[in-house]
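**Q** The structure that follows is given in the form of structure tokens.
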Amino acid sequence: MTEIGSPVAAPAAPTTGGEVSQFDNTAAKKQWQVILKRFTRHKAALVGLVMFVLLALFAFFGGLLWKHPYTETDRRYLPPSGDHPFGTDRLGFDMVAQIIRGMQFSLQIAIFVAVLSTVIGVVLGALAGYMRGWVDALISRFIDLILVIPGLVIAAVLVRNSFVASVAGGGGSNWLIVALYLGLIMWLSIARVIRGMVLSLREKEFVEAARALGASTFRIVFRHILPNTVDVIIVNATLAIAQAVLLEAALSFIGLGVQSPDTSLGLMISLNKNELTLHPWLFFTPFLFIVLISLSVNFIGDGLRDAFDPRQKRVKA
Amino acid sequence: MFRYILRRLLISIPLLIVASFLCFGLVNAMGDPLGEWKLQKPRTQAEITAAYDRTGYNKPFFERYVTWAGDFVTGDWGESVVPGNAGKPVKENVLDAFSVTLRLILGAEIIALILGIAVGVIGAVRQYSIFDYTATGISFAMFSMPLFCVALVLKAGGIQLNNWLESLGADRWIITAGPPGDGFKGSIGEQIFQYSGAYVLPTICLVVIQFALYSRFQRASMLETLNADYVRTAQAKGISQGRAIFKHAFRNALIPIITVSSLNIGANFGGAVITETVFGWSGMGKFLIEAITRIEPYEVLGFMMVTAVFIIVFNLIADVLYAVLDPRIRLD
Chain A
1 MTEIGSPVAA PAAPTTGGEV SQFDNTAAKK QWQVILKRFT RHKAALVGLV
51 MFVLLALFAF FGGLLWKHPY TETDRRYLPP SGDHPFGTDR LGFDMVAQII
101 RGMQFSLQIA IFVAVLSTVI GVVLGALAGY MRGWVDALIS RFIDLILVIP
151 GLVIAAVLVR NSFVASVAGG GGSNWLIVAL YLGLIMWLSI ARVIRGMVLS
201 LREKEFVEAA RALGASTFRI VFRHILPNTV DVIIVNATLA IAQAVLLEAA
251 LSFIGLGVQS PDTSLGLMIS LNKNELTLHP WLFFTPFLFI VLISLSVNFI
301 GDGLRDAFDP RQKRVKA
Chain B
1 MFRYILRRLL ISIPLLIVAS FLCFGLVNAM GDPLGEWKLQ KPRTQAEITA
51 AYDRTGYNKP FFERYVTWAG DFVTGDWGES VVPGNAGKPV KENVLDAFSV
101 TLRLILGAEI IALILGIAVG VIGAVRQYSI FDYTATGISF AMFSMPLFCV
151 ALVLKAGGIQ LNNWLESLGA DRWIITAGPP GDGFKGSIGE QIFQYSGAYV
201 LPTICLVVIQ FALYSRFQRA SMLETLNADY VRTAQAKGIS QGRAIFKHAF
251 RNALIPIITV SSLNIGANFG GAVITETVFG WSGMGKFLIE AITRIEPYEV
301 LGFMMVTAVF IIVFNLIADV LYAVLDPRIR LD
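Respectively, the protein sequence lines represent chains A and B. So in the UniProt record's numbering, spot 270 of the first sequence is number 270, and the numbers just go up one at a time. So in the UniProt record's numbering, spot 33 of the second sequence is number 33, and the numbers just go up one at a time.
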């Protein structure tokens, strides 16, 4: 199922000479090489990957190279110019420097969330699917519980509660709290998917063989079952990055997200929401960078899904 | 089937009890609802004691919960407690907000579902055509935009449109402050004018995200059934292409999206927080935000009970529909 790929992504069309021999060798190649090959043929995904790497480099190293430090002020509300390509904001800070810093926080949060939610979701999902019985019932009811309790209440407790804030690092820095919150909310879907996959994988012959050989539960789950779900895990983790960037922005908008002295692209947009008509660059530059990040990540995730999917080999009807 | 539904509903009663208790605890952890009021200006000890007495906040946490739960079962959902806003009945307010949200999301959900299914099916049948690429591009762009930005841009655009209409001598059309509280007035034509002005932007906003989700999902499941062996068998038997697509592939491709959309609709009864905030609709989302901001324990609980019932019921509907539509799946 190619979601957006060009026809080039379908490997069943060996038209040029060089392609034929490569295609014939497919079986002899290692699986990950085949996947890599399919991924690199996916144009949109490659563009996405390049774009994402450039954005990440810009976010984490751009500050070292850019002439204006993020603490320096100039005149307020300068429109975009050669000296300030994205203009200056309502306090006179250079927007390029602000974007770099905001993107740094946004990416930091998103990657933290992707890792955290994937680890929790995979471990709990695999446990529920493999152990079944009361473990499964417990984990499933826990998921129901989180679905039913309004997420914003949990967010408000974490953001407001002074005890939580002091544990997570003083000085008013709260990006970690927001990241924790998102990570604790977003594992539900991956846990459900992994549970379903493990439920069917545990009945397979190779698992039975491992069990007959006396492998421990831990070994069966982590060495034999989970490697068969790695495609779903990687695709989900990738897409979680895009989701986290957008959710963090939405939280900032309703005042339950990242707060000063930390910043993020979402916070920048919501602080500038009233500048939309008078000083549009203040609103649209962080907006543009959010869209670029999530678009590139979505393209990568899509390309990965196609690269992992063996049904790619089938000729389309 | 009946026993399954009954069992699921019975299981959800303890779930609701645990969830409401946890939720009450979470609101408690946000702080004292009277804390801010106490600091606004010097209060006498008598005033403070009276306020705590009235709200029941002089009693321990557990006792407060049991009192609330007992009242709730008999139909009394409690009152708001924060002074300045105290004494408002929670039940009426939640149900008002719920009717606003219902009106807002129902139409948007139906439009998004029909559009999403249609575009997804065409995209799958004509895979890699210009239509498919355009639809894919649009839904990816929609997926990648923060919704509140879309809403803010739409709102700014609506105001521009109004100014332009005014400069032409026409009436302002777009309403960005929610539907009029006392209903639509005037002749039928005027009512339609007001109605569309209030609904058009929030509906677009809600359709945008739902459509992206549904069309991608429908396209994927349609591709799956189009490539299935039974569709190829049907084609080999010599039935027409249209019949193979609609009778065999399409009907089966509808099963997953029915599940996804009913889960989604269930969750949406919790209100479209961002759309409601931007366009000034006092629906569930806005109600919750305000209750959290003021720290209103009973309002949050009332909100939770209403949305929880819908989440549970629509989860159940999704599972039952799945089993009804796909005979291979057995409920038990």
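We put the beta carbon where it would ideally sit given N, CA and C, even for glycine. No experiment lies behind these values; they were computed from the predicted model shown.
1) Between the stretch 275–293 of chain B and the stretch 94–105 of chain B, can you find at least three pairs of beta-carbon atoms closer than 8 Å?
2) What residue range does the alpha helix (DSSP H) around Leu91/A cover?
3) Should Thr176/B be flagged as near chain A, meaning a C-beta pair shorter than 8 Å?
4) Taking the alpha helix (DSSP H) that Lys30/A belongs to, which residues open and close that run?
5) Strictly under 8 Å for the Cβ-Cβ distance: is Ser262/B near chain A by that measure?
6) Alpha carbon to alpha carbon, how far is Ala234/B from Ala12/A? Give it in angstroms, no decimals.
7) Where does Gln22/A land, buried or exposed, given buried means 16+ other C-beta within 10 angstroms?
8) Applying the criterion that 16 or more other CB atoms from any shown protein chain within 10 Å of the CB defines a buried residue, is Gln45/B buried or exposed?
9) Going along the chain, which residues of the stretch 215–231 of chain A sit with their C-beta nearer than 8 Å to a C-beta in chain B?
10) With which residues is Arg89/B paired in a DSSP beta bridge?
11) Give me the chain A residues within the contact set of Ile188/B, using Cβ-Cβ distance strictly less than 7 Å, ordered along the chain.
12) Flag this pair as touching only if the stretch 240–258 of chain A and the stretch 136–150 of chain B have three or more C-beta atom pairs under 8 Å; answer yes or no.
13) Let me know if Leu36/A comes out buried or exposed under the rule of 16 or more other beta-carbons within 10 Å of its beta-carbon.
14) So Leu276/A contacts chain B; which residues on that side make the cut at Cβ distance below 8 Å?
15) Nearest to Leu91/A by alpha carbon, out of Lys30/A, Glu275/A, Gly257/A, Leu226/A?
16) Between Pro256/B and chain A, is the shortest Cβ-Cβ distance under 8 Å, so that the two count as touching?
17) For Ile117/B, count the other beta carbons within 10 Å of its own beta carbon; 16 or more makes it buried, fewer makes it exposed. Which is it?
18) Where does Thr233/B sit, in a helix, a strand or coil, going by DSSP?
19) Hey, Val82/B and Trp37/B: beta-carbon distance below 8 Å or not?
20) If we ignore side chains and look at the alpha-carbon of each, how far apart do Gly84/B and Ala291/B end up?
21) Cβ atoms of Asp306/A and Arg38/A: under 8 Å apart, would you say?
22) Our contact map puts Ala56/A next to Ile100/A with C-beta atoms below 8 Å; I'd like the distance itself, whole angstroms only.
23) Determine the contact status of Glu248/A and Val178/A, defining contact as a CB-CB distance below 8 Å.
24) Quick check on Ile4/A - is its C-beta less than 8 Å from some C-beta in chain B?
25) Scan the stretch 18–30 of chain B for residues whose Cβ lies nearer than 8 Å to a Cβ of chain A and list them as they occur along the chain.
26) Among Leu107/A, Ala242/A, Ser140/A, Lys30/A, which one has its Cα closest to the Cα of Ser264/A?
27) Candidates Ile11/B, Pro327/B, Ile159/B, Leu22/B: which alpha carbon is nearest Ile149/A's?
28) So Ala69/B is in the alpha helix (DSSP H); what residue range does that whole segment cover?
29) Just verifying my parser: in three-state terms, what is the DSSP assignment at Thr277/A?
30) Determine the DSSP secondary structure at Thr275/B, reduced to helix, strand or coil.
31) Where does Thr203/B sit, in a helix, a strand or coil, going by DSSP?
32) Who does Thr73/A pair with in a DSSP beta bridge?
33) With distances taken Cα to Cα, identify the nearest neighbour of Asn264/B among Ile311/B, Asn28/B, Ser187/B, Ile255/B.
34) State the Cα-Cα distance for the pair Ala97/A and His68/A, rounded to the nearest angstrom.
35) Taking Cβ-Cβ distances shorter than 9 Å, what residues in chain B pair up with Leu246/A?
36) DSSP on residue 336/B, reduced to helix/strand/coil?
**A** Judging by the given coordinates:
1) Contact annotation: the stretch 94–105 of chain B touches the stretch 275–293 of chain B, with at least three C-beta pairs closer than 8 Å.
2) Working through the first sequence from its first residue, we reach residue 91/A at position 91. Element bounds for Leu91/A: n/a, residue is neither H nor E.
3) By 1-based counting over the second sequence, the position of residue 176/B is 176. No, Thr176/B lies away from the interface with chain A (no Cβ there is under 8 Å from its Cβ).
4) As a first step, residue 30/A must be located in the first sequence, where it is residue number 30. First-last for Lys30/A: undefined, no H or E at that position.
5) On the second sequence, position 262 is the one that residue 262/B refers to. No, because no Cβ of chain A sits closer than 8 Å to the Cβ of Ser262/B.
6) The count along the first sequence starts at 1 and reaches residue 12/A at position 12. The count along the second sequence starts at 1 and reaches residue 234/B at position 234. In this predicted model, Ala12/A has a pLDDT of only 36, less than 50, meaning its place in the structure is not dependable; the value taken from the coordinates is given anyway. Distance between the alpha carbons of Ala12/A and Ala234/B is about 24 Å.
7) What you label residue 22/A is simply residue 22 of the first sequence in a count that begins at 1. Reliability of the predicted coordinates at Gln22/A is poor, the pLDDT of 46 falling under 50, and the value obtained from them is presented with this limitation in mind. Exposed, by the Cβ-count rule.
8) Within the second sequence, residue 45/B is the residue found at index 45, counting from 1. Classification of Gln45/B: exposed, given that the 10 Å Cβ count is below 16.
9) none
10) Taking the second sequence and counting its residues from 1, the one referred to as residue 89/B is at position 89. Reading off the sequence shown, one finds Pro at residue 89/B, where the question assumed Arg. According to DSSP, Pro89/B bridges with Glu79/B.
11) For the purposes of this step, residue 188/B is taken as residue 188 along the second sequence, with counting starting at 1. In chain order: nothing, as chain A lies at least about 35 Å away.
12) yes
13) The residue you call residue 36/A lines up with position 36 of the first sequence. Result: exposed.
14) Taking the first residue of the first sequence as position 1, residue 276/A is located at position 276. Simply Leu152, Val153, Ala156.
15) Here residue 91/A refers to the residue found at position 91 when the first sequence is read from its first residue. Closest option to Leu91/A, Cα to Cα, is Glu275/A.
16) Within the second sequence, residue 256/B is the residue found at index 256, counting from 1. Closer than 8 Å: no.
17) Here residue 117/B corresponds to residue number 117 of the second sequence, with the count starting at 1. By the neighbour-count definition (other C-beta atoms within 10 Å, threshold 16), Ile117/B is a buried residue.
18) As a working mapping, residue 233/B is identified with position 233 in the second sequence. Thr233/B: helix per DSSP, three-state reduction.
19) Locating residue 82/B in the second sequence gives position 82, counting from the first residue. Locating residue 37/B in the second sequence gives position 37, counting from the first residue. Contact flag set, yes.
20) Against the second sequence, residue 84/B aligns to sequence position 84. Against the second sequence, residue 291/B aligns to sequence position 291. Taking the straight line joining both Cα atoms gives about 14 Å.
21) On the first sequence, position 38 is the one that residue 38/A refers to. On the first sequence, position 306 is the one that residue 306/A refers to. Cβ distance < 8 Å, so Arg38/A and Asp306/A count as in contact.
22) Here residue 56/A refers to the residue found at position 56 of the first sequence. Here residue 100/A refers to the residue found at position 100 of the first sequence. About 11 Å separates the two Cβ atoms, so there is no contact after all.
23) For the purposes of this step, residue 248/A is taken as residue 248 along the first sequence, with counting starting at 1. For the purposes of this step, residue 178/A is taken as residue 178 along the first sequence, with counting starting at 1. Against a cut-off of 8 Å, the Cβ pair of Val178/A and Glu248/A comes out as a contact.
24) Taking the first sequence and counting its residues from 1, one reaches residue 4/A at position 4. Interpretation of Ile4/A is limited by its pLDDT of 35, a score under 50 that renders its predicted location unreliable; the figure taken from the coordinates is listed afterwards. Closer than 8 Å to the CB of Ile4/A there is at least one CB belonging to chain B.
25) Val18, Ala19, Leu22, Cys23, Leu26, Val27, Ala29, Met30
26) Along the first sequence, one-based indexing puts residue 264/A at 264. If we check each option's Cα against that of Ser264/A, Leu107/A comes out closest.
27) Along the first sequence, one-based indexing puts residue 149/A at 149. Closest in alpha carbon position to Ile149/A, among Ile11/B, Pro327/B, Ile159/B, Leu22/B, is Leu22/B.
28) Along the second sequence, one-based indexing puts residue 69/B at 69. It spans 61–73 - the alpha helix (DSSP H) in which Ala69/B sits, taken as one unbroken run.
29) By 1-based counting over the first sequence, the position of residue 277/A is 277. In the three-state reduction of the DSSP assignment, Thr277/A falls in the coil class.
30) Residue 275/B sits at position 275 when you count from the first residue of the second sequence. Reduced to three states, the DSSP call for Thr275/B is helix.
31) Translated into positions along the second sequence, residue 203/B becomes position 203. If DSSP states are grouped into helix, strand and coil, Thr203/B belongs with the helices.
32) As a first step, residue 73/A is located in the first sequence; it is residue number 73 there, counting from the start. Partner residues in the beta bridge of Thr73/A, as assigned by DSSP, are Phe93/A.
33) By 1-based counting over the second sequence, the position of residue 264/B is 264. Looking at the Cα atoms, Ile311/B is the closest of the given residues.
34) If you number the first sequence from 1, residue 97/A lands on position 97. If you number the first sequence from 1, residue 68/A lands on position 68. Rounded to whole angstroms, Ala97/A to His68/A spans 6 Å at the Cα level.
35) Residue mapping note: residue 246/A aligns to position 246 of the first sequence, counting from 1. In chain order: Phe143, Ser144, Met145, Pro146, Leu147.
36) Outside the shown range of chain B, which is 1 to 332, sits residue 336/B, and nothing can be said about it.
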